[in-house]
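Notes for the one structure printed next.
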Amino acid sequence: MSNEDSEKLIEKILPNGDIYVGNFEGLLPQGMGKYSWVDGTCYQGEWEKGKMTGRGKICWPSGATYEGDFRGGFLHGSGTFSGVDGSVYTGSWRMNMQHGMGCKSYSNSDFYEGFWREGLQEGIGRYTWSNGNTYIGNWKAGKMSGRGLMKWANDDLYDGLWLDGLQHGSGYYKFADGTYYFGTWSKGLKDGWGTFYPCGSKLSYQHKRLESFRYNQRALSFCAGTSMNPEGHRSRTFRLKKSRCGRWNISRFFRSSGRISHTTTSFDGVWNVGDSCRSFQSQDGSLTPSSPDEDDHELQDDNLMASEREYMQGVLIRERSLTPDSRMSHKNKWRHRIRIKQKGPGERIYKGHKSYYLMLDLQLGIRYTVGKITPVPMREVRSSDFGPRARIRMYFPRKGSRFTPPHYSTDFFWKDYCPMVFRNLREMFKIDAADYMMSICGGEGLKELSSPGKSGSIFYLSQDERFVIKTLRRYELKIRFVVMGNMFCTELRIHRRYDLKGSTQGRSTSKHNITENTTLKDLDLSYVFYLEKSWREALFRQISLDCMFLESQCIIDYSMLLGLHFRAPEHLKSLLEPQHAQHSASSSAGDYVDTPTQGEMIIPPKGLLLVTHEPGSVSNMPGSHIRGGTLRASAAGDEEVDLLLPGTGRLRVQLGVNMPAQANRKLLHDEGPDLAEIDLFEVYDVVLYLGIIDILQEYNLTKKIEHTCKSLRYDPMSISAVDPQTYSKRFISFLEKVFPEQV
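Numbering-wise (my numbering), the sequence shown opens with residue 1 and increments by one.
Next comes the structure, spelled out in structure tokens:
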């Protein structure tokens with residue numbers, strides 16, 4: 001600072017003891033100045049209209065420092081933060097939080113470079129652990145989510161989909177010795193069908209293409225450069241390079257590169273992934289051949305047989321060897337199977353699909369109305385919010401209008417009924433408006449589900465499977481769509497699902513092609529479920545209150561949607577595989593050859609462990625599963641409890657969500673020993689998900705006529721269309737048999 005500038009400096013002591021030394025404009029600091037707080041915090045840099053704005057440096061009493069851009073008193077722009085724990089972050093800031101492109105080195109020598117959002121990693125980034133493990137790919141809310149590649153220090157590699165820091169979805173795992181596994185994962189565990197290739201075996205054409213994507217050189221990558229800003233400060237800038245093919249240059253990320261600095265706290269969100277290679281190795285513990293040289297990986301022996309495997313919750317339950325002949329004869333069938341598994345439940349709606357324009361209309365309408373109602377100040381719901389005038393009606397011409405944007409669908413009218421009511425409902429379930437619109441209106445589109453009922457309604461699933469959209473019949477409701485939370489968007493895999501009404505007429509499902517996504521009905525249920533006494537009492541207390549309300553509104557045709565997660569997946573083997581396939585002893589040249597494996601009959605630990613509830617140890621995802629308080633268990637001293645599942649995680653036990661139970665299935669006499677006087681049962685440990693759905697059907701004139709007509713042919717108590725009081729009593733009575741009291 002020049003002598004002339006120093007002469008203009010003014011020292012001002014504030015009444016609270018703070019001291020400012022610097023330039024003023026009127027009564028406010030302006031230009032360069034130094035401000036010292038009484039607690040020891042000190043800022044020196046540029047000011048504008050009494051606020052820290054421009055370049056500056058701030059030091060806290062703890063020893064933490066920040067040097068960089070400020071705006072309006074906030075850390076805003078680009079700068080470097082050095083934490084008291086030794087961590088350093090250099091990059092973009094917005095309103096005191098890391099936001100944009102930045103790099104962080106942690107006190108434990110971990111390192112991250114990539115994109116941030118509101119203080120957490122979000123977007124594309126690379127994280128390198130101090131032990132040599134490296135991840136490059138997509139992040140969301142500080143955790144690995146989306147497409148990404150993990151390379152362990154021992155040269156094992158996983159390339160595929162992630163969710164909340166765990167492998168989740170389709171992908172492939174390459175062991176250091178050249179062994180491959182292509183398949184699907186669920187919450188970090190192999191789950192479903194996949195293909196295993198021993199070291200040196202020949203990959204199928206499709207799997208070879210998937211594996212080759214990783215080595216494409218013209219791809220997306222980070223590049224760090226140095227530039228001079230207008231103030232003359234040397235700073236780090238970042239740019240993205242993307243090839244025309246849009247693939248990632250993964251190999252560049254595993255080369256040595258200069259590191260920049262990083263933010264404050266040690267990164268706990270993904271600590272467990274660095275050790276997850278142990279779980280992979282333990283699952284394939286028998287596959288530990290010696291590590292060949294790199295050149296040996298290129299040798300492909302057609303005599304080495306690949307195998308098709310099925311896993312459940314990380315446990316190998318079935319394996320079929322694929323001979324070269326069978327691999328050729330089933331080539332087209334296998335490709336089709338791979339495509340089906342990658343899509344997940346439902347059929348992806350693409351351009352040219354019969355529901356494509358309907359999907360565009362729905363997405364545009366939701367985006368418009370939710371965006372319109374969200375800025376309105378929150379208030380209590382009024383009676384007028386339910387009236388016939390409580391709606392938003394808009395015309396969407398294809399070319400656009402004064403109020404609507406142009407679009408690629410056809411001209412359509414859109415009505416949104418009771419927008420304030422549904423806005424309040426979303427707020428109650430802590431569903432963020434932006435996340436809601438992104439889930440339904442995001443770029444990946446919706447998936448169409450086959451209808452499980454006879455109503456003819458069409459169901460759509462949001463791309464992240466959090467929401468279900470149901471089309472309604474005119475006499476069920478005058479609007480066309482209703483958006484509901486997906487009960488089965490769960491942390492555990494749903495192995496069986498049932499729709500239970502308490503009636504019997506027409507309440508069974510065809511036994512052909514039953515899968516995990518098939519919704520079974522009352523007559524298909526062969527289990528009874530035993531709950532802890534206090535949980536059963538709480539469940540039926542809530543069911544009685546719900547039925548009382550529905551009865552007062554003259555509602556019928558509602559049902560209990562029940563999802564089962566089996567903790568002993570090997571028991572499902574007989575249910576998933578047709579009996580003729582289990583006992584088949586012959587095979588032609590084009591068939592799979594069954595070969596027993598050492599790990600095929602591994603039995604996972606049984607039992608469900610309840611531990612005292614710890615709020616910070618379980619996830620509280622917004623949506624339908626936040627309903628209800630945490631349940632208490634007598635085994636834990638009547639304390640609130642969590643469900644601890646080895647290899648899966650810790651789950652909050654709520655009424656209707658993550659409820660442990662014991663499922664008993666009575667064996668028919670032809671299924672067990674010839675002891676007619678003895679009842680035999682199979683017992684399973686299960687986790688239950690349940691709730692009442694379809695609450696919009698009134699007992700109107702149409703339903704009364706249906707009841708009269710069907711009563712002439714069937715037992716009146718066996719049909720669904722009965723008066724609300726009878727329906728409610730029958731519904732509760734049936735569920736009391738499904739959830740009997742423990743003797």
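By construction, the Cβ of each residue, glycine as well, lies at the ideal position given by its N, Cα and C atoms.
Here the structure is a predicted model, which is why all the values come from computation and not from measurement.
Give me the DSSP bridge partner(s) of residue i.
| i | result |
| --- | --- |
| Gly506 | Answer by DSSP bridge pairing: none, since Gly506 is not bridged. |
| Trp93 | Gly77, Gln98 |
| Asp642 | Val611, Arg652 |
| Gln44 | Lys34, Lys57 |
| Trp414 | Met394 |
Near residue i, what residues of its chain come up, given a Cβ to Cβ distance below 6 Å and the 5 sequence neighbours on each side ignored?
| i | result |
| --- | --- |
| Ile392 | Thr369, Asp416, Pro419 |
| Gly50 | Leu28, Pro29 |
| Arg496 | Leu564 |
| Gly54 | Glu46 |
| Ile338 | A caution first: Ile338 carries a pLDDT of 41, below 50, which makes its placement in the model unreliable, though a value can still be read off. So no residue of the chain qualifies. |
| Met150 | Tyr135, Tyr158 |
| Phe734 | Gly502 |
Find the nearest neighbour of residue i within the set the options, judged by alpha-carbon distance.
| i | options | result |
| --- | --- | --- |
| Gly200 | Trp185, Tyr181, Asp191, Gly188 | Tyr181 |
| Asp69 | Leu651, Glu48, Ser87, Pro716 | Glu48 |
| Leu561 | Ile693, Arg536, Leu735, Gly387 | Ile693 |
| Leu492 | Ser503, Leu688, Phe529 | Leu688 |
| Arg398 | Gly77, Ile19, Thr410, Ala390 | Thr410 |
| Arg632 | Leu645, Thr65, Glu614 | Glu614 |
| Thr504 | Asp177, Gly91, Arg730 | Arg730 |
| Lys140 | Met95, Gly183, Phe115 | Phe115 |
| Ser355 | Pro716, Gln121, Asn517, Leu449 | Leu449 |
| Leu163 | Phe81, Val381, Thr490, Gly31 | Thr490 |
| Asn96 | Tyr112, Arg71, Arg382 | Arg71 |
| Val421 | Val376, Glu67, Ala176, Ser78 | Val376 |
When burial is assigned at 16 or more other CB atoms within 10 Å of the CB, is residue i buried or exposed?
| i | result |
| --- | --- |
| Tyr408 | exposed |
| Glu444 | exposed |
| Ala434 | exposed |
| Thr128 | buried |
| Arg379 | exposed |
| Cys441 | buried |
| Leu299 | Low per-residue confidence applies at Leu299: pLDDT is 37, beneath 50, and the placement is therefore not dependable enough to give any value. |
| Gly557 | Per the sequence shown, residue 557 should be read as Asp rather than Gly. With 16 or more other Cβ atoms within 10 Å, it is buried. |
| Leu425 | exposed |
| Phe529 | buried |
| Gly22 | buried |
| Gly165 | buried |
| Tyr460 | buried |
| Leu550 | buried |
| Val722 | buried |
| Leu75 | buried |
Taking 8 Å as the limit between beta carbons, can you name the residues of its chain near residue i, skipping five residues before and five after?
| i | result |
| --- | --- |
| Gly400 | Pro406, His407 |
| Ser266 | Unreliable positioning characterises Ser266 in this predicted model, as indicated by a pLDDT of 31, which lies under 50. The coordinate reading is nonetheless provided below. Taken in chain order, the residues that qualify are Asp85, Ser87, Tyr106, Ser107, Asn108, Asp110. |
| Ser439 | Ser462, Gln463, Asp464, Arg466, Phe467 |
| Ile494 | Phe488, Glu516, Gly563, Leu564, His565, Tyr689 |
How is residue i classed by DSSP in three states: helix, strand or coil?
| i | result |
| --- | --- |
| His565 | strand |
| Ile479 | coil |
| Ile431 | coil |
| Asn138 | strand |
| Pro388 | coil |
| Val738 | helix |
| Phe681 | strand |
| Gly352 | coil |
| Asp18 | coil |
| Cys199 | coil |
| Phe540 | helix |
| Pro716 | helix |
| Glu113 | strand |
| Phe175 | coil |
| His707 | helix |
| Ile732 | helix |
| Phe459 | strand |
Identify, in the order they occur along the chain, each residue of the same chain with its Cβ nearer than 7 Å to the Cβ of residue i, setting aside the five sequence neighbours on each side.
| i | result |
| --- | --- |
| Asn700 | none |
| Gln44 | Lys34, Gly56, Lys57 |
| Ser508 | Lys521, Leu523, Asp524 |
| Ser36 | Asp18, Ile19, Cys42 |
| Leu609 | Leu644 |
| Ala661 | Phe529, Tyr530, Leu531, Val686, Leu688 |
| Cys547 | Ser728, Phe731, Ile732 |
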